[in-house]
Amino acid sequence: MRKQRTKTALSLMVIAALAMAGCNSGAGNGNEAAPKATADQSVSKDGFPIVQEPVKLSMFTRIAPVNGPFKDMPVFQDYEKLSNVQVEFTEAPTDGFQEKKNLLFASNELPDVMYRSGITQLEAIRYGSGGQLIPLEDLIRDYAPNFNKLMDEYPEIRAGITTPEGHIYAIPGIVTLSAARTDKKWINQAWLEKLNLKVPETTDELYDVLVAFRDQDPNGNGQKDELPLTARVGLSVVTMMSGSFGLDQQFGYNINLENDKVEIWMGSEQNKEMLMYLSKLYADKLLDQEVFSHTEAQFLAKQGSGKTGMFFDQTNNNFLPISDQYIGIAPPAGPHGDRMQSQTAPIPRDFGAYAITSVNKYPEISMRWVDYFYSDEGSTLLRFGREGEHYELKDGIPYYKEEYSTSETQPKITPYAGGGAPHLISEHVASYINPPQVQEAQKALDPYMPAIRYAAPMFDEATAQKVNMLRNDIDKYYEEQSTKFIAGALSFDKWDEFQATLQKMNVEELQQIYQEAYDKMEK
Amino acid sequence: MNKAEIHNTAAAPRFRREPGRRLVRQIARRYDLYLMLLIPVTWYLVFHYGPLYGLQIAFKNFNPGKGILGSSWVGFEHFQRFFDSYYFWRLLWNTLSINLFSLLIAFPVPIMLALLINEIGSKRYSKLLQNVTYIPHFISVVVIVGILTVLLSPSGPVNMLIQALGGTPTRFMESAAWFKTIFISSNIWQNMGWQSIIYIAALSGINPQLYEAAKMDGASRIRRIWHVSLPGIIPVIVILLILDIGQFMNIGFEKILLMQNNLNLESSDVISTFVYTTGILKGEYSYTAAIGLFNSLINLTLLLLVNRFARKTSDTSLW
């Protein structure tokens, strides 16, 4: 019986959802013809409230496992009073979020706003040109002074979010604080001292240090329970180490940029060297054996367990109780002397943090509503809540009060925890994520940051489709094979075959498309 | 000549109308039964035939903003893309092989179990055995996969045993070579009891006189199973086989998805999971609708073939 249902569900799953949607959308659109903004609902260009008579907006949002309900967050309670805009959130958990978001678009049952929904470049182009997301460039000019100012200050923002036709379909979270754009390389300083080891300066030294961590019982409990190196699930360890092998991460992809030449490096010799290095770490049990299967929660627990030698993360928030044991180190130099922090996000870090849909009756109000969070004042409200109750000012900088500065309580009061909220992250609002220890760790990375970081380019619709088709095959293949190379399930004898298959999947063509996008950008 | 023809054509509808009128009369007489029939018929129309309308997106570039009708036609482009895809042969082979092996290995097991239970003399013991074997059916797939992961992990009991016997531990869940074995054998463990119920019911319908007569003739236990029990349930076996073939291409989507990882993808990547990851997660509705349609067509072809084969060889078939 279940099989029967599964069968039906599978062969017709997509189609069924769409057909149902088809029936509904007609009726839905009829209702949209309701009265346009009347005089009372006209939007004021500056100051608060945004409107005289309260209006309602429905927003779809992602809710991280650490967050509480959005309606209980001080920022949304206070901002509703301030702005006269009532927001009704539909919260979808991070697990399975992509699925819910896609079904929302496919069934055309849209909310007014996609808030913190991680709209991808492809989605912005696809749904923007399909008319489900509205172009925002004029609204930004007229109703988003704060965001506009940021765009003028950092030209890469505009370049990173504007389509070749000149449209902006989604606005990103802006990160001007460089420490919030990198994952630090945290190493257990206490263990290094105990074993009389220096901070590793090269990948070979790093290997020796990890071996010592594994064998010499640095935590002194008589058991070999140390975990020398771990990372987020999957191939994130590749992103963290690639800079030591001369492999950059331009355009949000596996791309090196040298002398105006775009090179996709997946089939390169350097990548082979890196994968061989990582596979040696894995085979010698220096790299976490669960690195391809553990969950985010398990990874975070390993950070705080006191049994871990080295890992990568943006802040020290997840191992605060034992944070004095760790320091952030510079990227180790690779076999050819390469030394780079290639894992670095661009200033418009969270693409697609906020988008307005075609059913929204108050696009101007929606734009003004979000713009406030691109000011230090609004960002403080979003990240810290109410002064006196949740935070205190010291030298003009907000700090959480004691009871709101633990990893349990803090994410409940702010929607930024869990990532991807549309707002500005500047020095001013970073006391929690950028304490002195993190600043020190960032200083270790600073000399090795790439001179310029290009965000993923915006393609026109046809090119975006093409890129998507190419990358669907290539990325799937690359991820699968890299995992197998590292885990030792595939021998490096097969490297030629790996290269040949990448060629067969037209990686050249993909490289050409990125090259053209770069050329256009530079002109 | 002409006249006769005209006469014939005129007469024909009258003959055809006759049974129609009878049907109407029948419906009127038994309207209550037909009202009840209306519920499943509506269900089929709304949930099984209605959605067929959306199938057209397999031949279009579906854009939700423009709707199903408004999207532009592209012909067989999506099918072409799938057939040319690097993953086509791997997907097809995995889908076919997992199901073929399931059918070959897993299909006979419940039959043997039913025969076994049928032969047990002690009523209490056979009931106990039946219960013990069918309880796993009620465990959810997620839990089953969780159990498998714990049992087969590098530090789990199975590997401890292997190590104690002097072997080297194997990463079962992350090995392409082991995937199909684990998938199929855990399926058998979970479902054999449940699937054997129908056979047990069929076995209990066999006239006991046949057994007694066979006994009188000096037939051994094996002979009685071979000549009395098995022929007695052959029709049931054939029907269940055809039904199984009917979902040949679709078995175990949830379980495969849960067991899948990059290290065993080589043998765990099947059409249904590919449709899910590409269609629902990446929003390629038209492409995956085409793949789904292709999948269903293979299914339908298999079903027709097997049904025909069964009708020819054993007089038992669905239609």
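Respectively, the protein sequence lines represent chains L and C. Quick note: the first sequence, position 337, residue 337 per full-length UniProt numbering, numbers continuous. Quick note: the second sequence, position 7, residue 7 per full-length UniProt numbering, numbers continuous. Heads up, the beta-carbon is just placed ideally off N, CA and C, and yes, glycines get one too.
Around the beta carbon of C/Phe59, 16 or more other beta carbons sit within 10 angstroms, so the residue counts as buried. Here C/Tyr34 carries a helix assignment [DSSP, helix/strand/coil]. If only uninterrupted alpha helix (DSSP H) runs of at least 4 residues are considered, those enclosed by the stretch 156 to 207 of chain C are 157 to 164, 176 to 204. Look at C/Tyr49: its C-beta is not under 8 angstroms from any C-beta on chain L. Where L/Arg62 is concerned, the enclosing beta strand (DSSP E) starts and stops at 55 to 63.
Here the C-alpha atom of C/Gly65 lies approximately 53 angstroms from the C-alpha atom of C/Pro169.
Under the 8 angstroms criterion on CB atoms, L/Met505 is classed as interfacial with respect to chain C. Taken through DSSP and simplified to helix, strand or coil, L/Thr120 comes out as coil. Sequence-distant Cβ neighbours of L/Ala159 in its own chain, meaning closer than 8 angstroms and more than five residues away, are Ala455, Met521. Counting other Cβ atoms within 10 Å of its Cβ, C/Phe248 reaches 16 or more and is therefore classed as buried. Residue-level contact by beta carbon fails for L/Ala92 and chain C, as no gap is shorter than 8 angstroms. The way I'd put it, the stretch 188 to 208 of chain C doesn't touch the stretch 271 to 281 of chain C; fewer than three beta-carbon pairs between them come closer than 8 angstroms. Interface flag for C/Lys282 against chain L is set, since a Cβ pair is found closer than 8 angstroms.
Under the 10 Å beta carbon count, L/Lys56 is surrounded by fewer than 16 other beta carbons and is classified as exposed.
When Cβ pairs closer than 8 angstroms are counted between the two stretches, the stretch 163 to 179 of chain L is seen not to touch the stretch 300 to 310 of chain L, the count staying below three. Proximity to C/Leu265 across C/Thr133, C/Lys180, C/Arg311, C/Gly292 peaks at C/Lys180, based on C-alpha coordinates. In its chain, beyond the 5 residues on either side, Leu470 have a beta carbon closer than 6 angstroms to the beta carbon of L/Leu510. Ranked by Cα distance from C/Leu302, the first of C/Val41, C/Tyr86, C/Asn99, C/Ile27 is C/Asn99.
The stretch 192 to 274 of chain L is shown to contain whole alpha helix (DSSP H) runs of 4 or more residues at 203 to 215, 236 to 241, in chain order.
For the 8 angstroms CB-CB criterion, L/Arg383 and L/Asp78 do not form a contact. When rounded, the separation of the alpha-carbon atoms in C/Arg308 and C/Leu96 is 20 angstroms. If you draw a straight line from the Cα of L/His336 to the Cα of L/Ser491, it is about 23 angstroms long. Of L/Lys100, L/Lys185, L/Phe60, the smallest CA-CA separation from L/Gln442 is found for L/Lys185.
By the Cβ test, the stretch 194 to 201 of chain C is in contact with the stretch 109 to 121 of chain C, since at least three Cβ pairs between them sit closer than 8 angstroms.
Close to L/Tyr354, with beta-carbon spacing below 8 angstroms, lies no residue of chain C; the smallest spacing is near 19 angstroms. Not one beta carbon of chain L lies nearer than 8 angstroms to the beta carbon of C/Gly121. Interface criterion not met: the Cβ of C/Leu104 is under 8 angstroms from no Cβ in chain L. If only complete runs of 4 or more residues are kept, the stretch 347 to 391 of chain L shows the alpha helix (DSSP H) at 363 to 371, 376 to 384, in order along the chain. Measuring C-alpha to C-alpha distances from C/Asn299 to each of C/Thr42, C/Tyr285, C/Ala289, C/Asn250 identifies C/Asn250 as the nearest.
For C/Asn63, the C-beta contacts it makes with chain L under 7 angstroms involve Gly130, in order along the chain. Inter-residue distance for C/Tyr34 and C/Thr313 is about 36 angstroms (C-alpha atoms, whole angstroms). Residue contact check for C/Asn262 against chain L: a CB pair falls below 8 angstroms. For the C-beta of C/Tyr86, the chain L residues within less than 8 angstroms are, from N- to C-terminus, Asp473, Tyr477, Thr501, Lys504, Met505. With a cut-off of 8 angstroms on Cβ pairs, the stretch 210 to 223 of chain L is in contact with the stretch 185 to 201 of chain L, counting three or more such pairs. Going by beta carbons, L/Pro135 and L/Met59 fall outside the 8 angstroms limit. Of the candidates L/Glu290, L/Asp475, L/Ser83, L/Ile347, the residue whose Cα lies closest to the Cα of L/Trp369 is L/Ser83.
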